Amino acid sequence: KILILDFGSQVAQLIARRVREAHVYCELHPYDMPIDAIRAFNPKAIILSGGPNSVYESDYQADPALFSLGVPVLGICYGMQWMAQTLGGKVESGDTREFGYAEIRARGHSKLFNGLQDRSNAEGHGLLDVWMSHGDKVTALPDGFTLIAETPSCPIAAMADEARGFYAVQFHPEVTHTKRGTDILHRFVLSIAGAAPSWTMPNYIDEAVKKIREQVGDEEVILGLSGGVDSSVAAALIHRAIGEQLTCVFVDHGLLRLNEGQMVMDMFARNLGVKVVHVDASAEFMGKLAGETDPEKKRKIIGAEFVEVFQAESKKLTNAKWLAQGTIYPDVIESAGAKTKKAHTIKSHHNVGGLPETLNLKLLEPLRELFKDEVRELGVALGLPHEMVYRHPFPGPGLGVRILGEVKAEYASLLQRADAIFIEELRNTIDEASGKSWYDLTSQAFAVFLPVKSVGVMGDGRTYEWVVALRAVVTSDFMTAHWAELPYSLLGRTSNRIINEVRGINRVVYDVSGKPPATIEWE
Ligand code: XMP
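What follows is the structure, encoded as structure tokens:
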């Protein structure tokens, strides 16, 4: 396995993704991981990430003893500068920041670049298109190092001490702009470090099943099933491991998508034979929400009620000793960036997984090591339908945050039907250029119920009915998002169908706001 030390880079997780794409297991830890912990981790190699600081003025320093462990080390950007400075080279601040594409020229025959090039120049040097983002640069090589790549503005663009297995690059191989970036990282991990490519889904399932059986023994496990990808995949995996010892509790708050409750029951109880307790708590939730219009209070009410219902249900399962949760790797990574930056809460996120410790159950979190796309891959490998596993994310409070203002059962029913039409049209409309459906081309899409009435005309009559807004966004991380440029014909069909098929709605609008300043959800 590979250890990645995070010096506060925004893209450190991408390094981990690339390494795992080489089927090598890796973990991301903060730069100040104690050397004893590093030793105990026993990495096959170490990768040092980039970071926003300057080496000579920051306390972003890892323990230099990691260079004495006898394992290969790859420094990226700040990681290169820290390596250079720590091993006796020189780092200086540049007059200008270099940001964007650069063409590097490979020098010598380093194991890192040999045979990897986008093209070559007249003298036969390999040329590579890379992505640079730095202010400081290495100006003198440490002892034992040789130059392995250069650019006109960055004469030491990469360096290596091949005898000790130390490599460093000023550019970012982890971003897709660096065309051969993945190859370079895989070269380091597989050829130079000699890590075995054994991190594959079938292997993972075997190991995870074994581990769950060892952990749980003959005890019983409960799991809060939400219908979302993470809890569904966790349920399928645990069921594969311990079968009847797992009981899922599916709390239906009445604010799910159309027919979702039925779908979850069909998939788990009927198809997979998982024990699922279906709790229809919609009346309780609606009761608690009555009269409340404040978005934050609505979220808190839904969160608290969820915990209450789940707790009441789990107390009935007196034999249960374990609580399983669909926690995934990005939830548990302790990032170096988060240590310094104060995280701002824009909205209080209620997650169906977030249950209190008062249940007195041991925690079982079999997806803790997986990235989201690995969770999806696992779901498919376990036999969950592709369509379910690749669904858009759905917020814990569900339609509670998509019905603006007071939540009423009547509004929820109108919204569910409008939303289902929109999703159906997105799935059925194929973009010719890419051959993909608009559902797959968007990251999240849904309808929002506006408690506003407007005048319309239908046949000979005047109508005075509710408005629905359509929201569709494209994003890679949900922190920022663009509104999706859906074809007018798709919007037109969706609008027609909603107004014709959902009595009570006579107007449909499309949301053309980006995030920021708008958020993806309306509340
Ligand atoms: P916003 O609206 O903040 O949403 O731009 C970003 C992403 O988070 C989801 N979201 C939630 N998920 N509980 C959740 O589990 C919540 O309370 C919640 N609020 C927003 C939203 O759907 C989007 O994917």
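Heads up: the sequence shown begins at 3 in UniProt numbering, then just goes up one per residue.
Even for Gly, the Cβ is constructed at its ideal location relative to N, Cα and C.
The structure displayed is predicted, hence computed values, not measured ones.
Check: Where does Q418 land, buried or exposed, given buried means 16+ other C-beta within 10 angstroms?
Finding: Buried, by the Cβ-count rule.
Note to self: Taking DSSP's pairing of strands, which residues face W485 in a bridge?
What the structure shows: BP columns for W485 point to V475.
Item checked: Rounded Cβ spacing between S122 and L129 (contact assumed at less than 8 Å) -> The pair is a contact, with the Cβ atoms about 6 Å apart (cut-off 8 Å).
Check: Span of the alpha helix (DSSP H) holding Q63?
Finding: Looking at the DSSP string, Q63 is not in any alpha helix (DSSP H), and its letter there is neither H nor E.
Item checked: Unbroken stretches of the beta strand (DSSP E), 3 residues or longer, contained in the segment 256–299 -> DSSP runs (the beta strand (DSSP E)) wholly in the segment 256–299: 277–282.
Note to self: Using the three-state DSSP reduction, which class does R505 fall into: helix, strand or coil?
What the structure shows: R505: coil per DSSP, three-state reduction.
Check: Going straight from the alpha carbon of A104 to that of V510, what length do you get?
Finding: One C-alpha to the other measures close to 47 Å.
Check: Are the CB atoms of F115 and G53 nearer to each other than 7 Å?
Finding: No, these two residues do not count as a Cβ contact at 7 Å.
Note to self: Any heavy atom of ligand 1 inside 6 Å of the beta-carbon of residue 528?
What the structure shows: No answer is possible for residue 528: it lies beyond the span of the chain, which begins at 3 and ends at 525.
Check: So what does DSSP say about F43, is it helix, strand or coil?
Finding: In the three-state scheme derived from DSSP, where H, G and I count as helix and E and B as strand, F43 is classed as helix.
Next item on the list: Provide the residue span of the alpha helix (DSSP H) that contains P204, from first to last.
Entry: Per DSSP, P204 belongs to the alpha helix (DSSP H) from M203 to V218.
Next item on the list: Would you check if the distance between the CB atom of V470 and the CB atom of I507 is smaller than 7 Å?
Entry: Taking 7 Å as the Cβ cut-off, V470 and I507 qualify as a contacting pair.
Check: Does DSSP put A198 in a helix, a strand or coil?
Finding: Per DSSP, reduced to three states, the secondary structure at A198 is coil, with no helix or strand assignment.
Notebook entry, point to check: Does the beta-carbon of D232 have 16 or more other beta-carbons within 10 angstroms, so that it is buried, or is it exposed?
Noted result: Per the 10 Å Cβ criterion, buried.
Next item on the list: Whole angstroms is fine: what's the gap from A170's alpha carbon to E176's?
Entry: Looking at the two C-alpha atoms, the distance is approximately 13 Å.
Next item on the list: Go to T249, then tell me how far its beta strand (DSSP E) extends in each direction, as first and last residue.
Entry: L248 to D254 is the span of the beta strand (DSSP E), which, as asked, contains T249.
Note to self: Suppose you measure from the CA of E434 to the CA of R259; what does that come to, to the nearest Å?
What the structure shows: E434 and R259: Cα-Cα distance of roughly 28 Å.
Note to self: Just to confirm my understanding: we take residue 530, look at its own chain, exclude 5 residues before and 5 after, and list those with CB closer than 8 Å. What are they?
What the structure shows: What is shown of the chain runs 3 to 525, which leaves residue 530 out entirely.
Note to self: Output needed for residue 601: all residues of its chain with C-beta closer than 8 Å, excluding positions within five of it in sequence on either side, in chain order.
What the structure shows: In the structure as shown, the chain begins at 3 and stops at 525. Residue 601 is therefore absent and cannot be evaluated.
Note to self: Buried or exposed, going by whether 16 or more other CB atoms sit within 10 Å of the CB of L225?
What the structure shows: The residue in question, L225, is buried, as its Cβ has 16 or more Cβ neighbours within 10 Å.
Note to self: Pull the bridge partners of T446 from the DSSP assignment, please.
What the structure shows: Correcting the residue type first, residue 446 is Gln in the shown sequence and not Thr. Its beta-bridge partners are V475.
Checklist line | Where the alpha helix (DSSP H) through V382 begins and ends | finding: K374 to A383 is the extent of the alpha helix (DSSP H) around V382.
Checklist line | Where the beta strand (DSSP E) containing A411 begins and where it ends | finding: Where A411 is concerned, there is no enclosing beta strand (DSSP E), although the alpha helix (DSSP H) around it starts and stops at A411 to N430.
Note to self: So the candidates are T329, L401 and R404; which of them puts its Cα closest to the Cα of V377?
What the structure shows: When C-alpha distances from V377 are compared across T329, L401 and R404, the shortest belongs to T329.
Check: Comparing alpha-carbon positions, which option in E152, I48 and G275 lies nearest I194?
Finding: Checking every option, the nearest Cα to that of I194 belongs to I48.
Next item on the list: Report the partner residues of P32 according to the DSSP bridge assignment.
Entry: The partner list for P32 (beta bridge, DSSP) reads D8.
Notebook entry, point to check: If you count every other CB in all the chains shown that lies within 10 Å of the CB of P397, and 16 or more means buried, which is it?
Noted result: With a threshold of 16 other beta carbon atoms within 10 Å, P397 meets it and is buried.
Next item on the list: Name the two residues that bound the continuous alpha helix (DSSP H) containing L187.
Entry: For L187, the enclosing alpha helix (DSSP H) starts and ends at G183 to H188.
Notebook entry, point to check: Quick one, which of I17, C28 and A162 has its alpha-carbon nearest M85's?
Noted result: Here the closest residue by C-alpha is A162.
Next item on the list: Could you tell me whether the Cβ atoms of A326 and A271 are closer together than 7 Å?
Entry: For A326 and A271, no; Cβs fall outside 7 Å.
Notebook entry, point to check: Is I37 near D65, with beta carbons less than 7 Å apart?
Noted result: By the CB criterion at 7 Å, I37 and D65 fall inside the cutoff.
Check: Just reading off the beta strand (DSSP E) that Y331 is part of, what are its end residues?
Finding: Counting along the chain, no beta strand (DSSP E) covers Y331; the unbroken alpha helix (DSSP H) around it starts and ends at Y331 to V334.
Note to self: Going by C-alpha to C-alpha distance, which of S95, K46 and H31 sits closest to E59?
What the structure shows: Of the listed residues, the one whose Cα sits closest to E59 is S95.
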